[in-house]
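Each protein sequence line maps, in turn, to chains A and B. Numbering-wise (our numbering), the first sequence opens with residue 1 and increments by one. Numbering-wise (our numbering), the second sequence opens with residue 1001 and increments by one. Idealized CB from N, CA, C, for every residue including glycine. Since this is a predicted model, take the numbers as computed values, not measurements. Remarks on the structure that follows.
2 protein chains.
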Amino acid sequence: MNLSMFTSQPIGFVRSPHKDTSQVPRGLGAKHDADGVLAILAEFELGLTDIEGFSHLVVLWEFDRASGFELLGKPPSDDRPHGVFATRSPRRPNPIGLTIVELLRREGNELHVRGVDMLDRTPILDIKPLLSGVPAEKLRRGWLAEAEARRG
Amino acid sequence: MNLSMFTSQPIGFVRSPHKDTSQVPRGLGAKHDADGVLAILAEFELGLTDIEGFSHLVVLWEFDRASGFELLGKPPSDDRPHGVFATRSPRRPNPIGLTIVELLRREGNELHVRGVDMLDRTPILDIKPLLSGVPAEKLRRGWLAEAEARRG
C-alpha cells in the first residue's frame, strides 16, 4: 500500500461574499445561491479552454481555515452525531471541499459562478465539468432524510 | 494569497477489478458498473458511522499513477483538444479523481460499491454522501454533447 503523502497547490482562489464561516448558510435546506468568482492563476488559464459550454462545474477546494478533524460529529442539520464521511463537515482527515456551481460566464481567467458556499480567498484545487446527476428516485439520503422527516 | 502546498494522505484504498488503465472503460457513454470495495483504514473506520443510509457516495481519490499534467489535451471522447478543467483527464495540476458510486453494503471498514472506475490499489482521499443531482433539463454538457451530436 502506498501510504505516502500527496501534495496539492492552488490553481486559483475563490472570490466570495462570505468573509467568515458565520455568513455561510448551513444545515438542512440551506440555499447556496451566492454569486462569486473562481479566479484562476494565469499559468493555468489554458486549462479553461471550452469550459464555457458547461452549465455546472464541480469545484474541489481546500478548507484552509479548518483545523484538525473529528471522525464523529454533530452537523448543523441534526442533533445526533454522524461519521464524518456521512457528512459534509469541514473537519475531515483530508479537508477537501466540493461545491457544484452554475457557470454564469467566463471572462478570461475568471469564472463567474452562482452557488458559492466557500469563504473568500479559498484555494481552489480542481475544476471538473458536471456530466450528470443521479435521478431523484434512485437517491436515498440516509440520516438527513430522517432528520428532515422528524422535523416534519 | 495562500500559495502554500497542501498535503493529503490516504484514508483507505480501492479494490478494483481494473489492474491497469487499459481495462477502465473510457470515453463517450462509457459504462462504469464494475463492483469494487473501498477498504478504509482501521483508524478512520469510526468516520463511516451512518454511511449505510446513503445510496450513492462521492469518492475523491488520487491518480497516483498519472505523471505530470497537460493543460490542453484530447480526451478519448473527442478528436479535438479541450482544456483540462473541461475534461476528466487524469493529467491534472492536482491529480484528484472523483467517482460517484452506489453503495451496495458495508462490512465493517469495507464499503462494497458499484461503479468503480479507479485502478486497483488507488488511494482514497475522502468520501462524501451524495445529496442531490442536477435536473437533466438544467444541465448542459458543452463539447461532450456537441461531440455526441456530431457522431449522431
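Among the options, the one whose alpha carbon lies nearest that of residue i
{"i": "I1096/B", "options": "F13/A, L60/A, A39/A", "result": "L60/A"}
{"i": "I11/A", "options": "S67/A, M5/A, I127/A", "result": "I127/A"}
{"i": "R15/A", "options": "Q23/A, V37/A, T7/A", "result": "V37/A"}
{"i": "G83/A", "options": "F1044/B, F1013/B, H1082/B", "result": "F1044/B"}
{"i": "L46/A", "options": "E110/A, I100/A, E70/A", "result": "E110/A"}
{"i": "A39/A", "options": "L103/A, R26/A, S55/A, G73/A", "result": "L103/A"}
{"i": "R1026/B", "options": "G1108/B, T1087/B, S1008/B, V1058/B", "result": "T1087/B"}
{"i": "P129/A", "options": "L1098/B, F1085/B, R1150/B", "result": "F1085/B"}
{"i": "S1008/B", "options": "G73/A, R150/A, L125/A", "result": "L125/A"}
Buried/exposed call for residue i, threshold 16 Cβ in 10 Å
{"i": "D65/A", "result": "Looking at the sequence shown, residue 65/A is not Asp but Arg. With fewer than 16 other Cβ atoms within 10 Å, it is exposed."}
{"i": "E62/A", "result": "buried"}
{"i": "A136/A", "result": "Low local confidence applies: a pLDDT of 48 at A136/A is under 50, so the model's placement there is unreliable, with the coordinate-based value given in what follows. With fewer than 16 other Cβ atoms within 10 Å, it is exposed."}
{"i": "D1117/B", "result": "buried"}
{"i": "D1079/B", "result": "exposed"}
{"i": "L71/A", "result": "buried"}
{"i": "S1004/B", "result": "exposed"}
Distance, residue j Cα to residue i Cα
{"i": "E1148/B", "j": "P1093/B", "result": "27 Å"}
{"i": "Q23/A", "j": "D35/A", "result": "14 Å"}
{"i": "P1090/B", "j": "D33/A", "result": "30 Å"}
{"i": "D50/A", "j": "F1006/B", "result": "28 Å"}
{"i": "P75/A", "j": "T21/A", "result": "14 Å"}
{"i": "S1048/B", "j": "R1114/B", "result": "First, the residue type needs correcting, since residue 1048/B is Leu and not Ser in the sequence shown. Those two C-alpha atoms are separated by around 17 Å."}
{"i": "H1018/B", "j": "G68/A", "result": "34 Å"}
{"i": "F1054/B", "j": "E52/A", "result": "32 Å"}
{"i": "P81/A", "j": "G73/A", "result": "5 Å"}
Bridge partners - residue i, DSSP secondary structure assignment
{"i": "S8/A", "result": "F1006/B"}
{"i": "W1143/B", "result": "Bridge partners of W1143/B: none, in fact."}
{"i": "L1072/B", "result": "G1083/B"}
{"i": "A39/A", "result": "F13/A, E110/A"}
Positions along the stretch 110-122 of chain A whose CB lies within less than 8 Å of some CB in chain B: Per Cβ criterion, the list reads R121.
Against chain A: residues of the stretch 1006-1035 of chain B by CB proximity under 9 Å: F1006, T1007, S1008, Q1009, P1010, I1011, F1013
Positions along the stretch 1071-1089 of chain B whose CB lies within less than 8 Å of some CB in chain A: L1071, L1072, P1081, H1082, G1083, V1084, F1085, A1086, T1087, R1088
Residues within the stretch 1038-1060 of chain B neighbouring chain A, beta-carbon criterion of under 7 Å: Cβ contacts with chain A come from F1044, L1046, G1047, L1048, T1049, D1050, I1051, G1053, F1054, S1055, H1056, V1058, L1060.
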